[in-house]
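First up is the structure itself, then whatever we jot down about it.
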Amino acid sequence: MAEGNFRITQFALGDDEVDYGLYNKNHPSGSAYYDLEILQTPVLEAFTKTNANINYGLVSFNGNLNLLYLPTAKVAGSPTIAFGASGASQQFLTSSLFYVSTTPATDTALTTALTTQYFWGPSNKAPMVFIETGISSSSENPPRTKDLTNRTTYIIGNDLMDSNFDVSVDTRFVNGVAGPGVNAATWEGRADNTLNMALSPGPFTTPSTNRIGIDNYKTAIISGVPNRVAADDLDTWKKLSTINGPPAAVTALSISPSPDLRNSAAKYSLYGKVAQDLFGDGNTYDYIDTIVYVVGKTTGVSVQIPFRIVRKRV
């Protein structure tokens, strides 16, 4: 800076401190005053401390001011949406949580208590948590089409396709993240009801950089697969997608628990619960609940996924 060479090359904006409840469409002075209180919000500087960072960053879509619809991200955790993917099975929620086992003995117990589609474990590595992105609304507008023209118009044409996702995990409890494998490139459901949902688990990678600004969290990158599930006359597609409009991408993930959660109760005592009767199956379990954050690297769509890391007590 002293040499006069300091240049700002990147900056970010956020609306964390903006209270949108101040928008007053009934202002007596007319529409020009509806957002007056919001526009008078002072501009604050975000610092590098976690509790003063930008949590809700604004995104730019290459200056496109004519976007009528933006994508969302949804987790497919209910058996009512059954993908039937080859290579990887779809993991389902249990009481609003995704279960992760830490030991083979826990795998055996959870297979009886939950069945294999409801947890990931050292001897049950096929289940993955599936996430879809696309345009979804209560009115199904714009609709999903048989020829996927609306996907081309609203997703591809507006560069709203996420090819990669940031996955941020608490590294006190998680030491690996797996996404779709390299060859997982087909996700199609056609109007003639032929399905081709090939998605296999990729290798686990170690999260490195903290991209989310939360203490103890680090981020790994996983890939997305183009979602080409088309509409059909029998509405079969509605059993294959959580998105009711033009689809964008689909991805899937698994997390690997930290090795010290296999044999030691220390972290469970400090951050979770110990010796809990979770299922009435005659076993007791230690567990820790943690949140995984998934963010699309192109659009910024995000979803928070609750996991329960569990160990059967001997």
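If you want the working numbering, it's the position in the sequence shown, counting the first as 1, plus 1007. All C-beta atoms, glycine included, are put in the ideal place defined by N, C-alpha and C. Predicted, not measured: the structure shown is a model, and the values here were computed from it.
Strictly by DSSP, which residues pair up with residue 1296? The sequence position of residue 1296 within the sequence shown is 289, counting from 1. According to DSSP, which records beta bridges pairwise, residue 1296 is partnered with 1315.
Which same chain residues end up closer than 6 Å to residue 1131 when comparing Cβ atoms and leaving out the 5 residues on each side of it in sequence? Against the sequence shown, residue 1131 aligns to sequence position 124. If we look at residue 1131 and ignore the five residues flanking it on each side, its Cβ neighbours are 1114 and 1123.
List the endpoints of the continuous alpha helix (DSSP H) containing residue 1113. By one-based count along the sequence shown, residue 1113 stands at place 106. Note, residue 1113: alpha helix (DSSP H), 1111-1120.
Who does residue 1108 pair with in a DSSP beta bridge? Position 101 of the sequence shown, counting from 1, holds the residue named residue 1108. The partner list for residue 1108 (beta bridge, DSSP) reads 1317.
Relative to the C-alpha of residue 1090, which candidate in 1248, 1274, 1308 and 1256 has its C-alpha closest? Residue numbering aside, residue 1090 sits at position 83 when the sequence shown is read from its first letter. For residue 1090, the nearest C-alpha among the options comes from 1248.
Excluding the 5 residues preceding and the 5 following residue 1181 in the sequence, name in chain order all residues of the same chain whose CB lies nearer than 6 Å to its CB. Reading the sequence shown from its first residue, position 174 is the one you call residue 1181. Same-chain partners within the cutoff: 1262.
Between which two residues does the alpha helix (DSSP H) harbouring residue 1274 extend? Here residue 1274 corresponds to residue number 267 of the sequence shown, with the count starting at 1. Note, residue 1274: alpha helix (DSSP H), 1273-1278.
Please say whether residue 1296 and residue 1223 have beta carbons closer to each other than 8 Å? The residue you call residue 1223 lines up with position 216 of the sequence shown. The residue you call residue 1296 lines up with position 289 of the sequence shown. Cβ atoms of residue 1223 and residue 1296: not closer than 8 Å.
Alpha helix (DSSP H) runs wholly inside the region 1220-1275, at least 4 long, in chain order: 1267-1270
Under the three-state reduction of DSSP, which class applies to residue 1309: helix, strand or coil? The residue given as residue 1309 occupies position 302 in the sequence shown. Here residue 1309 sits in strand by DSSP.
Sort 1275, 1312, 1150 and 1179 by Cα distance to residue 1320 and report the nearest one. Start at 1 with the first residue of the sequence shown, and residue 1320 comes out as number 313. Of the listed residues, the one whose Cα sits closest to residue 1320 is 1275.
Among 1022, 1116, 1193 and 1292, the one whose alpha carbon lies nearest that of residue 1255: Taking the sequence shown and counting its residues from 1, the one referred to as residue 1255 is at position 248. Of the listed residues, the one whose Cα sits closest to residue 1255 is 1193.
By the 10 Å Cβ neighbour count, where 16 or more other Cβ atoms means buried, how is residue 1258 classified, buried or exposed? In the sequence shown, counting from the first residue as 1, residue 1258 sits at position 251. So residue 1258 ends up on the buried side.
From what residue to what residue does the beta strand (DSSP E) around residue 1206 run? Looking up residue 1206 in the sequence shown gives position 199. Boundaries of the beta strand (DSSP E) around residue 1206: 1202-1206.
With DSSP as the reference, label residue 1283 as helix, strand or coil. Taking the first residue of the sequence shown as position 1, residue 1283 is located at position 276. In the structure shown, residue 1283 sits in a strand (DSSP, three-state: E or B).
Distance, residue 1095 Cα to residue 1068 Cα: By 1-based counting over the sequence shown, the position of residue 1068 is 61. By 1-based counting over the sequence shown, the position of residue 1095 is 88. C-alpha separation (whole angstroms): 33 Å.
Local conformation of residue 1083 per DSSP, three classes: Against the sequence shown, residue 1083 aligns to sequence position 76. Strand.
Please state the DSSP three-state secondary structure of residue 1039. Position 32 of the sequence shown, counting from 1, holds the residue named residue 1039. DSSP places residue 1039 in helix when its eight states are reduced to three.
Apply the 10 Å Cβ neighbour rule to residue 1146 and answer buried if 16 or more other Cβ atoms are within range, or exposed otherwise. Start at 1 with the first residue of the sequence shown, and residue 1146 comes out as number 139. Exposed, by the Cβ-count rule.
Delimiting residues of the beta strand (DSSP E) encompassing residue 1138: Along the sequence shown, read from residue 1 onward, the residue named residue 1138 stands at position 131. From DSSP, the beta strand (DSSP E) with residue 1138 extends over 1134-1141.
State yes or no: is the C-beta of residue 1250 within less than 8 Å of the C-beta of residue 1171? For the purposes of this step, residue 1250 is identified with residue 243 of the sequence shown, where counting begins at 1. For the purposes of this step, residue 1171 is identified with residue 164 of the sequence shown, where counting begins at 1. For residue 1250 and residue 1171, no; Cβs fall outside 8 Å.
Considering only their Cβ atoms, is the gap separating residue 1087 from residue 1308 smaller than 8 Å? By 1-based counting over the sequence shown, the position of residue 1308 is 301. By 1-based counting over the sequence shown, the position of residue 1087 is 80. Result no, Cβ atoms of residue 1308 and residue 1087 do not sit closer than 8 Å.
Could you tell me whether the region 1157-1168 touches the region 1099-1118, where touching means 3 or more Cβ pairs closer than 8 Å? With a cut-off of 8 Å, the region 1099-1118 and the region 1157-1168 do not count as touching, because too few Cβ pairs lie within range.
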